[in-house]
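Taking the working numbering, the leading residue of the sequence shown gets 2, the next gets one more, and so forth. Just so you know, even glycine gets a beta-carbon here, dropped at the ideal spot from N, CA and C. Note sheet for the following structure.
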Amino acid sequence: MTFEDLPRLVAEKNRAVSGAERLVDSARARTGSLGRSFLPTLSGEAGAERFKTGTHDPKSQPYGHLEAKVNVFRGGRDRLEESGRELQIQAAGADARRTAAAELAGARSAYWRLVSTREKVRIVVEALEQNEKTLAVAARRVSRGLATDTDRLEFEIHRSQLREERESLTHAALLLEIELSAALGMPLESKFRTPETVGHEHDESLLSAPFEPGSHPDASDMAARGKALGVERLRAGRWWQPELDLYGGYYLYTLREREYQTRRDRLDKAVGARLNFFLFDGLRSTSEAAALRLREEGVGRQRVQRELALDAEVRVAKEDLKHDHELVHYAEERIAQGSKYLARTLDEYERGVKNSPDALGAAQRALSYKMLYADRRRDYQLTKTGLLALLGR
Numbered sequence: 002m003t004f005e006d007l008p009r010l011v012a013e014k015n016r017a018v019s020g021a022e023r024l025v026d027s028a029r030a031r032t033g034s035l036g037r038s039f040l041p042t043l044s045g046e047a048g049a050e051r052f053k054t055g056t057h058d059p060k061s062q063p064y065g066h067l068e069a070k071v072n073v074f075r076g077g078r079d080r081l082e083e084s085g086r087e088l089q090i091q092a093a094g095a096d097a098r099r100t101a102a103a104e105l106a107g108a109r110s111a112y113w114r115l116v117s118t119r120e121k122v123r124i125v126v127e128a129l130e131q132n133e134k135t136l137a138v139a140a141r142r143v144s145r146g147l148a149t150d151t152d153r154l155e156f157e158i159h160r161s162q163l164r165e166e167r168e169s170l171t172h173a174a175l176l177l178e179i180e181l182s183a184a185l186g187m188p189l190e191s192k193f194r195t196p197e198t199v200g201h202e203h204d205e206s207l208l209s210a211p212f213e214p215g216s217h218p219d220a221s222d223m224a225a226r227g228k229a230l231g232v233e234r235l236r237a238g239r240w241w242q243p244e245l246d247l248y249g250g251y252y253l254y255t256l257r258e259r260e261y262q263t264r265r266d267r268l269d270k271a272v273g274a275r276l277n278f279f280l281f282d283g284l285r286s287t288s289e290a291a292a293l294r295l296r297e298e299g300v301g302r303q304r305v306q307r308e309l310a311l312d313a314e315v316r317v318a319k320e321d322l323k324h325d326h327e328l329v330h331y332a333e334e335r336i337a338q339g340s341k342y343l344a345r346t347l348d349e350y351e352r353g354v355k356n357s358p359d360a361l362g363a364a365q366r367a368l369s370y371k372m373l374y375a376d377r378r379r380d381y382q383l384t385k386t387g388l389l390a391l392l393g394r
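Here it is in structure tokens:
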């Protein structure tokens, strides 16, 4: 599996991502309410009751109605409702993009940490092999009477430490493989083939990539929420607008409501227009509109601040990427120097010029340089992963 496979795998298998996309579909399914508001509605009622009215004997009679109603005018509130539902799609879409970016960043982070840990396992194994060679040299020196048993013991202790480090790194790699499996939505026992080392390719285009804070999911979500509050405020401000419906239907009444003995005489047919309006609502809508205006203003200010923070995060990430790049090259230089120093020290140790602490110290220093170099390249890739997430890539 390569780094380039991660976006596809996350999109296809990660349930958090597919679940967020379903929420977008759910919001989209609620649109079209404006057109549906002008479709007729048909309602009915049926029942029976036992009653006594006036001088009539107790009776049991059915009642019911069947009525069709068509919306003609809602004071523009139905149009505003449709606008609000469109904005819910934008908010859900922003949340889906935020979820996808977070899940992909998590998978990328686990991937590079796994590759780096496996690389460090190989570095320790190589150090173990080198220590065995040095241990053999120490054994020969001891057998010749040129050194004491402490020389051999030093390298044997170092061997034990390296084996412990190898075991810890192998265990850490196993845990990271489980973490990566979860991030990719795969069975937790999945196994992955990865590159042997963490690559380091300096990407100048990424450092010069433009960034529009308003396009980030956080800012997009806040913008949609702010607009939705504005729509709700407008709806609250139109409380006084009348509602006009056309209606028609059949209505069956009981004798209690229509004083006719025969059912046919208690059956009505009607068509008409109905106008509903409020004259005064106790200032409830005025209060709600004021509250929504303040919330809209508050979300707007938060959005501006979040965009400023996002712009700062991108700039910091780019500067960190430059810094990590420089550190990689410094660590790379020390690798060559440490390897040369180790080779000369071991040669001098075999010839009796240097003692065991010198040889052990050179080996430990060379190992630390290699481990640091692996860490620097890993850190570079992790910083790059964070920058890619901010840029929406």
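Asked                                                                                                                                                                 : Found
Looking only at C-alpha atoms, which of Gly393, Ala148, Thr386 and Arg285 sits nearest to Trp113?                                                                     : Thr386
Grouping DSSP H, G and I as helix and E and B as strand, with all else coil, what is Ser61?                                                                           : strand
Report yes if the C-beta distance between Glu178 and Phe193 is below 8 Å; otherwise report no.                                                                        : yes
Return the chain-ordered list of same chain residues with a C-beta closer than 7 Å to the C-beta of Ser191, the five sequence neighbours on each side being excluded. : Ser182
Measuring CA to CA, which of Lys53, Val125 and Leu67 is closest to Tyr252?                                                                                            : Leu67
Just curious, the alpha helix (DSSP H) that Glu46 is in, first and last residue?                                                                                      : Premise fails: Glu46 lies in the beta strand (DSSP E), Thr42 to Phe52, not in any alpha helix (DSSP H).
Is the separation between the beta-carbon of Met223 and that of Gln303 shorter than 8 Å?                                                                              : yes
With Asn277 as the anchor, note down where its beta strand (DSSP E) starts and where it stops.                                                                        : Leu268 to Asn277
Should the region 74-84 be regarded as contacting the region 204-221, the criterion being three or more beta carbon pairs within less than 8 Å?                       : no
In terms of residue numbering, what span does the alpha helix (DSSP H) encompassing Leu147 cover?                                                                     : That residue, Leu147, is in no alpha helix (DSSP H); it is neither H nor E in DSSP.
Output yes or no for whether 8 Å exceeds the beta carbon distance between Val11 and Leu105.                                                                           : yes
Are the CB atoms of Gly249 and Ala274 nearer to each other than 8 Å?                                                                                                  : no
Curious, which full-length beta strand (DSSP E) runs of at least 3 residues does the region 106-193 contain?                                                          : none
When we look at the beta-carbon of Ala344 and count the other beta-carbons within 10 Å, is it buried (16 or more) or exposed?                                         : exposed
Give the DSSP bridge partners of Ala69, in chain order.                                                                                                               : Leu43 and Gly249
Would you kindly report the start and end of the unbroken alpha helix (DSSP H) that includes Glu351?                                                                  : Arg285 to Glu351
Tell me, please, whether the CB atom of Gly249 is closer than 8 Å to any CB atom in chain D?                                                                          : Note that chain D does not occur in the displayed structure, where there is just one protein chain.
Less than 8 Å between the CB atoms is what I'm expecting for Leu7 and Arg109, so what's the real figure, rounded?                                                     : 6 Å
Touching or not, the region 354-369 and the region 142-156, by the rule of three or more beta carbon pairs under 8 Å?                                                 : yes
Distance, Cα to Cα, His203 vs Glu349?                                                                                                                                 : 39 Å
Rounded to the nearest angstrom, what separates Tyr381 and Thr171 at their Cα positions?                                                                              : 22 Å
What is the rounded straight-line gap between the Cα of Ser38 and the Cα of Phe281?                                                                                   : 25 Å
Could you compute how far the alpha carbon of Ser61 sits from the alpha carbon of Ala49?                                                                              : 7 Å
So for Glu205, helix, strand or coil by DSSP?                                                                                                                         : helix
So, helix, strand or coil for Asp233, using DSSP?                                                                                                                     : Checking the displayed sequence, the identity of residue 233 turns out to be Glu instead of Asp. Here Glu233 sits in helix by DSSP.
Assign Val18 to one of two classes, buried (16 or more other C-beta atoms within 10 Å of its C-beta) or exposed (fewer than that).                                    : buried
Please name the residue in Glu333, Gln365 and Leu368 whose C-alpha comes closest to that of Arg377.                                                                   : Glu333
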